[in-house]
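Asker: Each number in the numbering used here comes from the position in the sequence shown (counting from 1) with 1112 added on.
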Amino acid sequence: MAKPPPSAAASAAGVRGQGPHRTRLLLLLLVAVAASASTAGYLLRGALVPPCDAQRDPVVLAAPASPLGFMRSKIVLLVSHELSLSGGPLLLMELAFLLRQVGSQVVWITNQQPEGTNDASYSLEHKMLNHGVQILPARGQEAIDTALKADLVILNTAVAGKWLDAVLKDHVPQVLPKILWWIHEMRGHYFKLEYVKHLPLVAGAMIDSHTTAEYWKTRTHDRLNIQMPQTYVVHLGNSEELMEVAEDNVARRVLREHIRESLGVRSEDLIFAVINSVSRGKGQDLFLQAFYQSLKLIQHQKLKVPKMHAVVVGSDMNAQTKFETQLREFVAKNGIHDHVHFVNRTLVVPPYLAAIDVLVQNSQARGECFGRITIEAMAFKLPVLGTAAGGTTEIILDGTTGLLHPAGKEGVMPLAKNIVRLASHVEQRISMGNRGYARVKERFMEHHMADRIAVVLKEVLQKSRQHSHS
């Protein structure tokens, strides 16, 4: 497997510069897209630094007015249940880099290391080392000593709770008062006492949406008979690097043309896309069913719309899981292979956001805890068709920045009708996209997230100090 390339988002930083500089960076974007197609493919959002900045100390680049400035010289231990290209670890890495930018000493521990050689984890570890993040083994005296001397310990995801008893053992009571538990899960199988039995005793819990926070409060009480600690809701924000690409018209146009050409899609055609790892919980099957129904509705109503395409970004061409096989069989059975495109998991998401016209966020059951791809799409002025579940309801303003539909099979026809609505009303697509972009600028930027996290960290540090002096 080829070594993963820098992300398109990061490579585009500074694209607004002089002509030759812009051209060079656009070429890097396109090379990154091409190179990612030859890897196992990764869904990685957030900023990978450009090669020229790889060896620079992030502290030197720090903005003096960062709301996290009070974390300078603080020792922060980050414990992740895994190191992968899923949302939780990537989000924790973003926080690690924000803390490094203000001069925090950041130490990273991965509780469950993959067996054998893993290019994804190798690439992510290399990225962290380039940012000055220290990486320690999950077990051993050094891990214990670091936890004891750290000013703050952040556990990432519910599953990371297993690390406490497995490693700290008798030292757990000393560390609990300075733990902030960052929770992203919405699935019921994470509510196991073996994971979260220490949750009531930590300094605080940080959760990505109000819906998820309420779910955890109710579920822990009713199922586990434990109480949540002080809980903080922190909505996420788009990285500055992604916004650089989203706000550069030339970059977007070049990427749009390149991706559409690679898919065999004309410039005037319409693309509705799901950008997520392919799994039943992400709802690609129901999306394709809705898309098929939308084609039938358009034909039945004799509507004149551009040719429509459904793009599923997040496939695993190597694994060919049973679920993905079922998706392809559905496409073949209904004769819509000219309309449906499967794209391998890719390191660079922004090019696909530049290429599509509407994002479909179709996560099922309780939905997404937050759903980062939704605000990323809104940054590209895309309307979003989302399930009325989870954190999506706190992002999308129904009828204003997008349209909501029910989760489950009952949502197939409403989604189909919403697809037809946006396909046949270009002015609605544009106005919803513009309003979504305005909402991102107002609420979902990186500096908004940093402000919100800073409030939480200040309170947690204060609680920890009070406990140590008591």
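We put the CB at the ideal spot given by N, CA and C, even for glycine.
I'd like the span of the alpha helix (DSSP H) that includes L1276, first residue to last.
Answerer: Note, L1276: premise wrong, no alpha helix (DSSP H); not H, not E.
Asker: For I1371, count neighbouring C-beta atoms within 10 Å of its own C-beta (all shown protein chains included) and say buried if the count is 16 or more, exposed if not.
Answerer: So I1371 ends up on the buried side.
Asker: Can you give me the Cβ contacts of N1546 inside the same chain, cut-off strictly under 8 Å, excluding the 5 residues immediately before and after it?
Answerer: K1493.
Asker: So what does DSSP say about G1502, is it helix, strand or coil?
Answerer: Coil, per DSSP.
Asker: How big is the Cα-Cα spacing for K1274 and K1434?
Answerer: Taking the straight line joining both Cα atoms gives about 31 Å.
Asker: What's the C-alpha gap between G1215 and K1570?
Answerer: For G1215 and K1570, the distance between alpha carbons rounds to 16 Å.
Asker: Across the segment 1337-1345 and the segment 1529-1546, are there enough close Cβ pairs to call them in contact, namely three or more that are closer than 8 Å?
Answerer: Judged by Cβ distances under 8 Å, the segment 1337-1345 makes no contact with the segment 1529-1546, as fewer than three pairs qualify.
Asker: Please tell me whether V1314 and W1293 are closer than 8 Å, where the distance is taken between their beta carbons.
Answerer: Going by C-beta atoms, V1314 is nearer than 8 Å to W1293.
Asker: Excluding the 5 residues flanking R1168 on each side, which residues of the same chain have their C-beta closer than 7 Å to its C-beta?
Answerer: Note on R1168: pLDDT 34, under 50, position unreliable in the model; the coordinate value appears next. Closer than 7 Å at the Cβ level, and outside the excluded window around R1168, lies no residue.
Asker: Quick one: residues in its chain with C-beta nearer than 7 Å to the C-beta of E1306, no 5 flanking neighbours on either side, listed in chain order?
Answerer: If we look at E1306 and ignore the five residues flanking it on each side, its Cβ neighbours are K1274.
Asker: Which of helix, strand or coil does DSSP assign to I1256?
Answerer: In this structure, I1256 counts as helix in the three-state DSSP scheme.
Asker: Run through the DSSP bridge pairs and tell me what D1510 is partnered with.
Answerer: D1510 pairs with G1514.
Asker: Within its chain, find whatever has a CB closer than 7 Å to the CB of A1528; leave out the 5 residues flanking it on each side and keep chain order.
Answerer: Only A1402, Q1405, S1406 and L1409 meet the Cβ criterion.
Asker: Put R1564 into one of helix, strand or coil per three-state DSSP.
Answerer: Helix at R1564.
Asker: Between which two residues does the beta strand (DSSP E) containing I1187 stretch?
Answerer: I1187 -> beta strand (DSSP E) spans I1187 to E1194.
Asker: Below 6 Å CB to CB, which residues in the same chain sit around K1186 once its five sequence neighbours on both sides are set aside?
Answerer: Here the set comprises S1216 and D1263.
Asker: Which residues in the same chain have their Cβ closer than 7 Å to the Cβ of V1538, if we skip the five residues on either side of it in sequence?
Answerer: If we look at V1538 and ignore the five residues flanking it on each side, it has no Cβ neighbours.
Asker: Mind checking M1205: buried by the 16 CB within 10 Å criterion, or exposed?
Answerer: Buried, because 16 or more other Cβ atoms sit within 10 Å of the Cβ of M1205.
Asker: From M1355 to T1258, what does the alpha carbon distance come to, in whole angstroms?
Answerer: Roughly 36 Å between the two C-alpha positions.
Asker: With distances taken between CB atoms, is the gap from I1387 to V1345 smaller than 8 Å?
Answerer: Against a cut-off of 8 Å, the Cβ pair of V1345 and I1387 comes out as no contact.
Asker: Are there three or more Cβ pairs, one per stretch, closer than 8 Å when the segment 1427-1446 is compared with the segment 1464-1482?
Answerer: Segments in contact, no.
Asker: The alpha helix (DSSP H) that contains L1534, what's its start and end?
Answerer: First-last of the alpha helix (DSSP H) with L1534: V1524 to S1536.
Asker: Residue range of the beta strand (DSSP E) that L1264 falls in?
Answerer: Looking at the DSSP string, the run of the beta strand (DSSP E) that includes L1264 is L1264 to N1268.
Asker: Where does N1361 land, buried or exposed, given buried means 16+ other C-beta within 10 angstroms?
Answerer: Exposed, because fewer than 16 other Cβ atoms sit within 10 Å of the Cβ of N1361.
Asker: Three-state secondary structure (DSSP) at A1232?
Answerer: If DSSP states are grouped into helix, strand and coil, A1232 belongs with the helices.
Asker: So, under 8 Å CB-CB, T1343 and G1300 are touching, yes? Tell me the CB distance rounded to an integer number of Å.
Answerer: Not confirmed; about 19 Å, so no contact.
Asker: Under 6 Å Cβ to Cβ from M1561, same chain only, skipping five residues before and after it: list those, please.
Answerer: Counting only Cβ-Cβ distances below 6 Å, and skipping sequence neighbours, we find L1348 and G1349.
Asker: Could you tell me whether the Cβ atoms of I1295 and A1270 are closer together than 8 Å?
Answerer: Yes; because the gap between Cβ atoms is below 8 Å, this pair is in contact.
Asker: With distances taken Cα to Cα, identify the nearest neighbour of L1564 among V1218, G1393, L1210 and I1531.
Answerer: Looking at the sequence shown, residue 1564 is not Leu but Arg. Considering only alpha carbons, the answer is L1210.
Asker: Can you give the beta carbon distance from V1455 to V1423, rounded, assuming they're within the 8 Å contact cut?
Answerer: With a Cβ gap of about 6 Å, V1455 and V1423 count as contacting.
Asker: Determine the closest residue to V1417 out of V1567, I1531 and V1572, with distance taken between C-alpha atoms.
Answerer: Checking every option, the nearest Cα to that of V1417 belongs to I1531.
Asker: Apart from the five residues on each side of it in sequence, which residues of its chain come closer than 6 Å, Cβ to Cβ, to K1394?
Answerer: N1388 and S1475.
Asker: Run through DSSP, which three-state label would V1287 get?
Answerer: Helix.
Asker: For F1454, which beta-bridge partners are listed by DSSP?
Answerer: In the DSSP output, where bridge partners are listed per residue, F1454 has V1424.
Asker: Which value, in whole angstroms, describes the spacing of the CA atoms of A1272 and I1221?
Answerer: Distance between the alpha carbons of A1272 and I1221 is about 10 Å.
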